[in-house]
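Notes to accompany the following structure.
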Amino acid sequence: MRKKKRELIKNLRIAKALGDNHLSHQLARALRSILKLIQGISAQTAGYRGNFDRAKQEVDFDKNPFEYSKTIFKKERGQLLLTNDQIYDHFKSTYEVPKSVRLYTDPNEQKPEIPHIDFHGIPPTLDEISSHIKRKSSKSVPGPDGIPYIVFKKCPSVRKHLINIYGKIWSRKQIPECFGKAIFVLIPKKDRVTDPKDTRPIALTNTISKIFFSVLQTRMTRFMLSNKYFRPNHQKGFLPGISGCLEHNTLLSESLKDARKSERQITVCWIDLENAFGSIQHELMLFALRWYNFPPLVRDMIASYYSKLRFSIITKEGPSKSLSYNVGLFQGCCLSPITFNIVINILVDKLICNEKKWGYRFKFNNKYTESILAFADDLAILTRHPKHCQVLLDEVDKFCGIQDTPHTIRDYR
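Shown next as structure tokens:
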């Protein structure tokens, strides 16, 4: 058809050159007909191609919604306008500090019940190790030793050596020093970063330690859930099989709609803890493990691990000197999410003690109340009156060691 179009164009030019108007009109009509046919076929082909692209996008979204969303909303990474000395001084003053011994204690706090399901205390098995290795991404960046996951994925015989190593760690309750070493990669939070506080430090630890702590964190999560220490209807961060953001947003939206329709008062306060992972005191974390009845085996291994944390920072000018990590949890360590959840769970338990008394009560079911929605360190407090919200905020201050901090409370009516 395109060949015929070219012939018509050629003949039309010749007819115009010869001055044959009648032939020119006939060739022009034939050319217009051919062009319409070509345009129709092209549109139909584009429709087929569009349907194929849409179908592929739907498959990609269903396979991994998070990764698909990143391709749509991905922004260019910001620039670090910082010198090596600026970064080093900031992290030294923030993390290489004397360890605090302040513990969160409340004489009115009721200790959780003794667990009815014991912690799975045998050393990591080959099946557990293989299962965790299989789930890890081969693209994951290795730690200081440079060994990636692909080595353990492609060489199953190496996993048998891991069993021996992990077994000795388990029996001695001591974590090797190499497990506590990390390289910090700074992720900018803004387009142009001139303050080290506007960066997110991601810790790259050795792969052999990631596998070990993946097994440990899975067992710790199972222990907290099976003994009902975690309350998934309140805390939804880092818990398996739970779409926390979607569920919390839906509940919060319905609470505001219910308050508006029924003309009830509702007070909502959103709390975002600054540098939440990096400000957890190690003694507070160990206290939380004792509080929720973890066996000495787990407490001793975790205490050994956090006593050996050291890191260096990668910048454009090269790696910094090594620093000790005396406060906070590594962002990027497999153990950090569960340990953070355990610590923050003390606060969540405290806030929901008066849920039936102060929490927002739905009109369609006066027995159902909601007072605290948590996703890791992001908290939302829902109460029936601002003064009740202030009482709960005072509990947050007490837990965080903050006093006389001004709060902004918006009352939704």
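Each residue of the sequence shown is one higher than the one before, starting from 1 at the first, in full-length UniProt numbering. Backbone N, C-alpha and C fix where the C-beta goes; we use that ideal spot for every residue, glycine too. Note that the coordinates shown come from a computational prediction; the quantities given were computed from them, not determined experimentally.
_Cβ contact check for the region 313–333 and the region 84–95: 3 or more pairs under 8 Å_ = yes
Open item on the list: For a test of the three-state rule: what should DSSP assign to residue 238, helix, strand or coil?
Closed with: coil
request  = Put residue 205 into one of helix, strand or coil per three-state DSSP.
outcome  = strand
Scan the region 307–382 and note each continuous alpha helix (DSSP H) run of 4 residues or more that stays entirely inside, going in chain order.
-> 336–351, 355–358
Exercise for review: Starting from the C-beta of residue 12, find all residues in its chain whose C-beta is less than 8 Å away, skip the five residues before and the five after it, and write them out in chain order.
Suggested key: 24, 27, 28, 31
Is the beta carbon of residue 152 less than 8 Å from the beta carbon of residue 165?
no
**Message:** Please list the terminal residues of the continuous alpha helix (DSSP H) segment that includes residue 394.
**Reply:** 386–400
DSSP state of residue 404, grouped into three classes?
Only weak support exists for where residue 404 lies, its pLDDT of 37 falling under 50; the value from the coordinates is given anyway. Residue state, collapsed to three classes: coil.
Quiz prompt | Any beta strand (DSSP E) of 3 or more consecutive residues that is wholly inside the region 173–223 | solution = 181–188, 199–205
Check your understanding: Given that a residue counts as buried once 16 or more other Cβ atoms are within 10 Å of its Cβ, and exposed if not, what is residue 121?
Key -> exposed
Hey, would you say residue 293 sits closer than 8 Å to residue 112, going by beta carbons?
yes
Exercise for review: Note down, in chain order, each residue of its chain lying with its Cβ closer than 7 Å to the Cβ of residue 97, except the 5 sequence neighbours on either side.
Suggested key: 326, 327
Review point. For residue 203 versus residue 311, is the C-beta spacing smaller than 8 Å?
Key: yes
Per-residue burial, residue 270 [other beta carbons within 10 Å of its own, 16 or more giving buried]:
exposed
(Q) Judging by CA-CA distance, which residue of 355, 319, 377 is the nearest neighbour of residue 183? (A) 319
Notebook entry, point to check: In terms of DSSP beta bridges, what is residue 270 paired with?
Noted result: 380
Practice item. Measure the alpha-carbon distance for residue 21 versus residue 39 and round it to whole angstroms. Key: 27 Å
| Quick one: is residue 154 buried, meaning 16 or more other Cβ sit within 10 Å of its Cβ, or exposed? | exposed
Review point. For residue 369, which of 259, 296, 335 has the nearest alpha-carbon?
Key: 259
| query | Do you know how far the Cα of residue 384 is from the Cα of residue 391? | reply | 12 Å
May I ask you to report which of helix, strand or coil DSSP gives residue 57?
helix
Which residues does DSSP list as the beta-bridge partners of residue 79? 192
C-beta contact flag for residue 347 and residue 396 at 8 Å: yes
Original post:
What are the boundary residues of the alpha helix (DSSP H) that includes residue 276?
Top reply: Run containing residue 276: none; DSSP gives neither H nor E here.
Which residue's Cα is closest to the Cα of residue 341: 274, 34, 235?
-> 235
- Nearest CA to the CA of residue 303: which residue from 286, 291, 295, 290? 286
Note to self: Report the start-end ranges of each alpha helix (DSSP H) in the region 123–156 that is 4 residues or longer and not cut off at the edges.
What the structure shows: 126–135, 149–154
Query raised in the report: CA-CA distance, residue 252 and residue 179?
Result: 41 Å
> If we ignore side chains and look at the alpha-carbon of each, how far apart do residue 174 and residue 306 end up?
Replying inline: 11 Å
- Item | Closest Cα partner of residue 169 within the set 216, 4, 17, 191 | 216
Worksheet item: Would you say the beta carbon of residue 383 comes nearer than 7 Å to a heavy atom of the ligand SAM?
Response: With respect to small molecules bound, the structure shown includes none, and the ligand SAM cannot be examined in it.
Return the chain-ordered list of same chain residues with a C-beta closer than 6 Å to the C-beta of residue 181, the five sequence neighbours on each side being excluded. 144, 310
TODO: Kindly indicate which three-state DSSP category residue 243 falls into: helix, strand or coil?
DONE: coil
- For residue 6, the first and last residue of its enclosing alpha helix (DSSP H): 2–18
Q: Look at residue 4 and residue 34 and say whether their C-beta atoms are less than 8 Å apart.
A: yes
I'd like the list of long-range same chain contacts for residue 8, defined as Cβ closer than 8 Å, with 5 residues on each side in sequence excluded. 27, 30, 31, 34
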